[in-house]
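A.B. asks: In UniProt numbering, the protein residues as written are 1 to 531. Ideal placement from N, C-alpha and C gives every residue a C-beta, glycine not left out. Mind having a look at this structure? Questions to follow.
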Amino acid sequence: MKDFATTCTMVEMQGVLFKWTNYLAGWQLRWFVLDKGILAYYKSQDEVHLGSKGSIKIACCEILVHPSDMCRLDLIIPGEQHLYIRGTSPAERQQWLVALGSAKACLTDAKQQQKDRNEELLKAKMSELRLYCDTLMQSVANVKLSASAEEAPDIEKLNTSTTLLSETCDTFISTLQDCMSLAKSAYSMSYSNSTYNETVVPPSLQQQTKKSASRSHSIEDRYHPPQSRSGITTKYKNLEDIAARPKPHRTRTPQNQSLSAPTTPTASTTPTTLSESEDTQVTDSGDGVQSQMDAIRKTDKKETLYNVAMQHPSMQEKPRMSTFFSKMKPNFEDVQKASEDGINTGLFLDACSQIVEILDAMGSSAFTPVKMDMNGNIKKLRQKYSTDPSAFNTLQAIVQQETRSSTYQLKNSATEALMWLRRALEFVCAFLEEIIKGEKDLPSAATAAYKRSLQKFHGWVIQGVFSLAVRAAPYYEDFMKCLLQNPEDMERGGEVIVLEDMAIGIRPLGALVKELQDYYHSENLESHVQI
């Protein structure tokens with residue numbers, strides 16, 4: 001009479017159970033079928049084809065075990081439906097209890113998984129929607145600026161802006177439709193069973209909206225410009241004050257003494273008074289002796305003032321401040337010196353691995369795609385180089401080998417990796433050149449460098465992503481501090497040192513990039529396909 005089967009995803013069971021009908025008829029035998037999370041009952045097994053007399057959705061009901069009747073189960077949807085059933089024995093009730101509980105657990109887990117999956121998809125689509133919305137607004141602004149220019153509008157720039165605007169609108173509408181479909185699906189899942197039990201209705205979507213909205217922050221809040229300081233305060237104003245300070249073996253200056261200029265020193269502590277007191281102790285033993293003593297006193301006085309002056313921090317020779325570029329070993333100058341028959345592969349990749357770290361100073365997320373792309377291309381070239389270091393000792397040798405074997409056009413070839421690595425280095429070089437020229441607005445410097453290097457190789461989607469990411473660039477002062485080994489050196493003229501080392505460092509980098517660019521053009525290996 002009973003057929004019980006259990007799987008990992010769905011529970012099915014059928015058999016005869018007693019069902020409470022009313023006070024006149026009492027308990028009556030009915031044929032029950034548990035299938036796909038729904039418990040339906042029929043008058044008999046022979047009348048299954050006629051349709052069920054009633055049913056209840058297991059996911060919406062509460063399964064209660066009767067406290068006194070060992071054969072009874074109560075299935076209740078509060079305020080909606082009650083179904084009382086009894087087995088012929090406690091063992092039979094236990095079988096149905098396990099089957100009903102398993103079905104409820106499977107349905108609840110599947111429902112929750114589907115809900116979580118829809119929520120993740122909706123979040124991803126909403127993120128894309130915000131990105132395309134910002135890109136759309138930027139495209140509209142570009143069109144307005146191009147059209148409202150006082151001089152004759154740039155037709156080429158206007159055509160490019162309108163084309164990007166049209167494509168962005170289409171993508172925006174498509175993404176919006178996807179968001180609406182996912183939201184509608186989530187709404188249907190949330191309220192499909194609201195007529196049965198209010199406890200199964202998930203929390204309001206409004207709370208999720210508030211929660212997600214509270215996570216958004218303005219990009220301007222990520223960085224704060226450092227407060228300017230007035231400079232280094234010195235204890236001494238001139239050489240007279242320096243010479244007037246106490247001798248170390250006599251009276252030490254208290255540690256809690258103010259850093260401001262000291263009061264006028266007393267006559268007893270000055271070298272002049274000391275020399276005068278020595279003069280009184282010298283007896284007049286003749287003109288020759290007197291002239292010798294005068295010369296000695298003058299020499300001692302000069303040496304005393306000189307030694308005191310040289311002890312001042314401003315007169316002592318200081319070690320040069322360490323910067324990101326001065327600590328690069330090997331640097332691109334080393335690569336250039338070692339490149340006789342071609343660019344040395346090992347030194348070049350080591351220098352590239354270090355220059356990538358400069359993107360970390362641009363912020364945690366601003367240039368992450370560029371950094372990941374550079375690291376990936378460096379890894380591909382290292383793998384190729386490791387297969388035969390002696391044969392691939394130069395970058396040109398790697399490209400020539402792939403050209404001879406006709407593998408240079410493959411997607412993950414070393415030739416393609418070197419081409420994109422060179423383009424990224426060209427962007428870094430152009431960005432640093434903008435800073436050396438005096439550009440202190442890093443987003444403007446990065447945008448100008450991007451237009452000179454990578455923009456022509458990127459499609460409109462990546463261009464839009466870059467235009468948004470560049471807004472997260474830090475302030476100029478923060479960027480300079482990151483390039484100093486000791487950020488406190490920024491207040492002691494560290495900016496000038498960084499710019500000097502930067503100019504020295506990118507000069508050989510620009511030459512190497514130009515050499516690779518000329519080589520690719522001469523071998524007809526340059527690809528102009530956009531990504």
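#1: Please classify alanine 446: does DSSP put it in a helix, a strand, or coil?
#2: Taking buried to mean at least 16 other C-beta atoms within 10 Å of its own C-beta, is glutamate 433 buried or exposed?
#3: Taking the straight line between their C-alpha atoms, what separation do you get for arginine 382 and isoleucine 343?
#4: Just reading off the beta strand (DSSP E) that residue 532 is part of, what are its end residues?
#5: Among residues of its own chain, excluding the 5 on either side of serine 326, which ones have a beta-carbon nearer than 6 Å to its beta-carbon?
#6: With burial defined as no fewer than 16 other Cβ atoms inside 10 Å of the residue's Cβ, what is the status of serine 159: buried or exposed?
#7: What's the call for methionine 154, buried or exposed, on a 16-neighbour Cβ count within 10 Å?
#8: Going by beta carbon distance, what residues of the same chain come within less than 8 Å of aspartate 221, once the five residues before and after it are set aside?
#9: If you measure between the beta carbons of isoleucine 85 and leucine 97, is that distance less than 8 Å?
#10: Which one or two residues does DSSP pair with leucine 484 in a beta bridge?
#11: Nearest-angstrom Cα distance between glutamate 515 and aspartate 360?
#12: When the Cα atoms are used, what is the spatial distance from leucine 259 to glycine 346?
#13: Residues in the same chain with beta-carbon distance under 8 Å from residue 534, minus the five sequence neighbours each way, listed in chain order, please.
#14: Are the beta-carbon atoms belonging to valine 399 and threonine 387 less than 8 Å from one another?
#15: Buried or exposed, going by whether 16 or more other CB atoms sit within 10 Å of the CB of asparagine 412?
#16: Which runs of the alpha helix (DSSP H) spanning at least 4 residues fall entirely within the stretch 131 to 192, listed in chain order?
#17: Suppose the cutoff is 7 Å on Cβ atoms and the five residues either side in sequence are ignored; what does the same chain contact list for aspartate 46 look like?
#18: Ends of the alpha helix (DSSP H) at glutamate 333?
#19: Go ahead and label serine 390 buried or exposed: buried means 16 or more other beta carbons lie within 10 angstroms of its beta carbon, across all protein chains shown.
#20: To which residues of the same chain is threonine 135 closer than 6 Å at the C-beta, ignoring the five residues directly before and after it?
#21: In whole angstroms, what separates the C-alpha of glutamine 177 from that of glutamate 128?
#22: Quick check on glutamine 14: does DSSP put it in helix, strand or coil?
#23: Please name the residue in Glu62, Ala430 and Met419 whose C-alpha comes closest to that of leucine 525.
#24: Mark lysine 379 as exposed unless 16 or more other C-beta atoms lie within 10 angstroms of its C-beta, in which case mark it buried.
#25: State the CB to CB distance for the pair phenylalanine 18 and leucine 34, rounded to an integer number of angstroms; the pair is presumed to be in contact (CB under 8 Å).
#26: Please report the Cβ distance between alanine 449 and phenylalanine 466, rounded to the nearest whole angstrom; I am assuming they are in contact, meaning their Cβ atoms lie under 8 Å.
#27: Taking the beta carbon of alanine 99 as the centre, do at least 16 other beta carbons fall within 10 Å, making it buried, or is it exposed?
#28: Report buried or exposed for proline 474, applying the criterion of at least 16 other Cβ atoms within 10 angstroms of its Cβ.
#29: In whole angstroms, what is the alpha-carbon distance linking aspartate 350 and methionine 328?
#30: What's the gap between the Cα of lysine 184 and the Cα of valine 461?
#31: Does DSSP put histidine 528 in a helix, in a strand, or in coil?
#32: Where does serine 386 fall in DSSP's three states?
#33: Spatial neighbours of isoleucine 435 within its chain, please: CB distance less than 6 Å, with the 5 preceding and 5 following residues excluded, ordered by chain position.
#34: Leucine 395 and phenylalanine 348 - do their beta-carbons sit closer together than 8 Å?
C.D. replies: On the basis of the supplied data:
#1: helix
#2: buried
#3: 14 Å
#4: Nothing about residue 532 can be reported from this structure: the residues present for the chain run from 1 to 531 only.
#5: Asp501
#6: Residue 159 is actually asparagine in this sequence, not serine. The residue in question, asparagine 159, is exposed, as its Cβ has fewer than 16 Cβ neighbours within 10 Å.
#7: The amino acid occupying residue 154 in the given sequence is aspartate; methionine does not appear at that position. That one is exposed.
#8: Per-residue confidence for aspartate 221 stands at a pLDDT of 42, beneath the threshold of 50, marking its modelled position as unreliable; the derived number appears in the next sentence. Cβ within range, chain order: n/a, list empty.
#9: no
#10: Thr323
#11: 27 Å
#12: With a pLDDT of 40 at leucine 259, under the threshold of 50, the modelled position of this residue cannot be trusted; read the value that follows with caution. Each residue's alpha carbon lies about 52 Å from the other.
#13: This structure cannot speak to residue 534, because the chain is shown only from 1 to 531.
#14: no
#15: exposed
#16: 155 to 191
#17: none
#18: 332 to 338
#19: exposed
#20: Thr168 and Gly464
#21: 12 Å
#22: strand
#23: Met419
#24: exposed
#25: Rounded, the Cβ-Cβ distance is 16 Å, inconsistent with contact.
#26: Not confirmed; about 11 Å, so no contact.
#27: buried
#28: buried
#29: 10 Å
#30: 27 Å
#31: coil
#32: helix
#33: Ala445
#34: yes
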